[in-house]
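Below is one structure, written out as structure tokens; comments come after it.
Numbering (the working numbering), first residue to last: 664 to 919.
Here it is in structure tokens:
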């Protein structure tokens, strides 16, 4: 049974994820215990703190895969990046310094700043789409602007972006408000897939299987299957379609 994680920070010593190889091997074992068979390793890129160039990530991923095989850990990893929205992004694309989720460069993980969605974001998305790149917006449920105004995300869905929700957001690790928004987004068909976004940090563990099981219980087998299968489609470069709707407004109860 194939289970794909499209977003995790388990490469050693390259960002705020794993600090060393021993930690990376520990995280890899945890991934396998959660049922994950394939993972995109996605260090931060262009986020103001970390710049992890394409060639460096490829080299480290190859070394990590060899070590996984030596340790008999049945996890296949692929080099990728979690790319921060910035004024340097399009230049990096044109200079071939971006890693994508699939071999053909169709899907790219795009991260917004945690506090806001910059006004220029739609222009950058437009430029990416013009180059045949579909941005996958990562963990928007944890973005404060979107958390307060969920409709903010709809403009990017209209442009053609996909959305990835962190599994532990949906299972409640980041609190009720984020879990509730995650659920409403799934209900509206706005979420293509889950990912672990695993770090070697408290509350940043693998809950991918738990999130898929929860979606199956709340929304049925078809929704859970799509959330699982879309991740596989993404790394294969296959087309992912979202039949999404606006998020339902919460009912307000007034006291008279």
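Backbone N, C-alpha and C define an ideal beta-carbon position, used for all residues, glycine too. Only a predicted model underlies this, so the values are computations on that prediction, with no experimental measurement involved.
For a cut-off of 8 angstroms, the C-beta gap from residue 764 to residue 669 is around 6 angstroms, short enough to register as a contact.
Within the same chain, Cβ atoms closer than 7 angstroms to the Cβ of residue 723 are found at 674, 677, the five residues on either side in sequence being excluded. Straight through space, the alpha carbons of residue 879 and residue 666 are spaced by roughly 15 angstroms. Per the coordinates, the alpha-carbon of residue 857 lies some 23 angstroms from the alpha-carbon of residue 736.
In this structure, the alpha-carbon of residue 805 lies about 31 angstroms from that of residue 731.
Spatial neighbours of residue 760 in its own chain (CB-CB distance under 7 angstroms, excluding positions within 5 residues in sequence) are listed in chain order as 716, 717. DSSP assignment within the stretch 844 to 908 yields the following whole alpha helix (DSSP H) runs of 4 residues or more, N-terminal first: 871 to 882, 884 to 899. For residue 799, the pairing in a beta bridge is given by DSSP as 772, 825.
For residue 681, the secondary structure class from DSSP, reduced to helix, strand or coil, is strand.
Secondary structure note for residue 730: its alpha helix (DSSP H) is the uninterrupted segment 717 to 733. For the pair residue 887 and residue 859, the CB atoms are not nearer than the 8 angstroms cut-off. In the structure shown, the three-state DSSP call for residue 675 is strand. Between residue 745 and residue 708 a beta carbon distance of about 7 angstroms is seen, short of the 8 angstroms cut, so the two are scored as contacting. DSSP places residue 784 inside the alpha helix (DSSP H), whose first and last residues are 784 to 793. Sorting 757, 756, 699 by C-alpha distance to the C-alpha of residue 664 places 699 at the top. Per DSSP, the continuous beta strand (DSSP E) segment holding residue 745 begins and ends at 745 to 747. Boundaries of the beta strand (DSSP E) harbouring residue 703: 701 to 704, taken from the DSSP string. With contact defined as three or more Cβ pairs closer than 8 angstroms, the stretch 836 to 845 and the stretch 805 to 819 are in contact. Between residue 672 and residue 855, the C-beta gap is not smaller than 8 angstroms, which leaves the two residues out of contact. For residue 756, the enclosing alpha helix (DSSP H) stretches over residues 752 to 757.
Just measuring C-alpha positions, the residue of 870, 813, 895, 876 sitting nearest residue 832 is 870. About 5 angstroms separates the Cβ atoms of residue 686 and residue 863, confirming a contact at the 8 angstroms cut-off. Contact check for residue 794 against residue 756 passes: the beta carbons are separated by less than 8 angstroms. For residue 739, the enclosing beta strand (DSSP E) covers residues 739 to 742.
Minimum Cα-Cα distance from residue 779 among the listed residues 748, 797, 758 corresponds to 748.
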